[in-house]
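Mapping to full-length UniProt numbering: the sequence shown position 24 is 24, numbers consecutive.
Positions of the beta carbon are idealized from the N, C-alpha and C atoms, including for glycine.
What follows is a short report on a single structure.
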Amino acid sequence: MGKHIFYLDNLRTFVIFLGILCLAAGSFLPAPFMPPHYVFAGQPGTITPFYYLFYEFAMTLVIPVLFFISGYFSASNLRIRLFQPYFKGRWLRLGWPLLFAIIIMMPEIAWISARSTGYSAGFFTFLTQRFLGRGFTLGVYGFLAVLLLFILLLMAAKKLNHQALRHTEISSPSPLFLILFVGVHLILALAVYFGLLGLSPQSLSAVQAFFAGLGFQPSWLITAALYFLLGIYAAKHRWFIQGGYVPGNVWIAAAIGFSIIYNVFPYYHAITLAFLSLSGTLGLIAVFARWGDQSSQTLLTLSHMAYPVWYLSEPVLENIMYFFLPLTIAAPLKLILALGLTLFYGYFVYKYALCHLGCFKTR
């Protein structure tokens, strides 16, 4: 890869911690919009649209940025690596943590989530009657499953065509390419939106159960796939290296503009999603390329602990929210307390335990 790209590392760290904040806000979403793996921690009648708007807005940035960076570095690394050692490294980093989460962590999280909304049966009854059936969910670890799937597909593409990841001439994305990219995203997003509206109740229920199990919304899956591909495109065209393309200040202005539009007109999210995803991704890269291209021991520590703390945050946050249920304190204070305790606990578990495990160890 040549020179280390510090600003992409720092952007990845920022977005992962933003994702942890989204997890904390998820427990305060209005009931129809709350994913099934969240503990409902709000008081009835006190939930405001703010949490929903923030959650949707932040996830519209988190998903494309994370999958873009993942696609970029996956393509860059796989281009010069052999299949077996590369897959072994990816499975160690993603596969084993995913299996552990499915077997050990998610059953308990799903159980306390169900109890927070009135379910009264014991854990083993829940496990056999609901979790090992329509109540199954990967929760937040659906991110790992989707990313691992994309990496396997990328490996298959290289297996079929050994030149698939070969570098091309350094180039910037043309306006036509970006327009077509946003257009494809917009068409797919609208197709999913209106397609779901046209389903019968039985079919809609089946689709909702599938995506609840995956821990992903349909629009998220489309965004993740497109931006993983865009990351591969960026790696092939050698963005971000010396003399390569780096988004300019115009993308910062575009990101601010579409952020305002997205939040002012919430009923048009299906339309503005595509524009905010692209402008937000390139705008954040531009911000970090200009002001975040630096390294220090603090930034290095945050970068190393981001993934382990995110991995721990789901069970820790949901259990804290569950024990906070009897409290009648204001939702913002409850959120701040839960988030603070989660980060405090996550840091010490990372420092004294997780950083020594192969799947979370960094070079």
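When the alpha-carbon of A25 is set against those of Y55, R79 and M106, the nearest one is in Y55. In this structure, the straight-line span from the alpha carbon of F73 to that of Y267 is close to 35 Å. Straight through space, the alpha carbons of F6 and L153 are spaced by roughly 27 Å. Across the set L273, I271, G231 and Y311, the C-alpha of Y311 shows the shortest separation from the C-alpha of I102.
Under the Cβ criterion (8 Å, minimum of three pairs), the segment 128 to 144 counts as touching the segment 97 to 112. In this structure the segment 281 to 295 does not lie against the segment 186 to 200, because fewer than three pairs of beta carbons, one per stretch, are closer than 8 Å.
Around the C-beta of P85, fewer than 16 other C-beta atoms lie within 10 Å, and the residue is accordingly described as exposed. The C-alpha of Q217 lies about 11 Å from the C-alpha of I63. Shown here, W96 sits in a helix according to DSSP, grouped into three states. In the displayed model, W251 falls within a helix according to three-state DSSP. Residue burial annotation: Y307 is buried, with at least 16 other C-beta atoms found within 10 angstroms of its C-beta. Fewer than three pairs of CB atoms, one per stretch, sit closer than 8 Å, so the segment 340 to 352 makes no contact with the segment 289 to 296. In the three-state scheme derived from DSSP, where H, G and I count as helix and E and B as strand, F344 is classed as helix.
By the C-beta density criterion, R12 is buried, having at least 16 other C-beta atoms within 10 angstroms.
Per DSSP, R115 is one residue of the alpha helix (DSSP H) stretching across M106 to R115.
Per DSSP, K88 is one residue of the alpha helix (DSSP H) stretching across F83 to R90.
Bounds of the alpha helix (DSSP H) holding G26 are F6 to G26. In the structure shown, Q202 adopts helical secondary structure according to DSSP, grouped into three states. DSSP, read as helix, strand or coil, puts L160 in helix.
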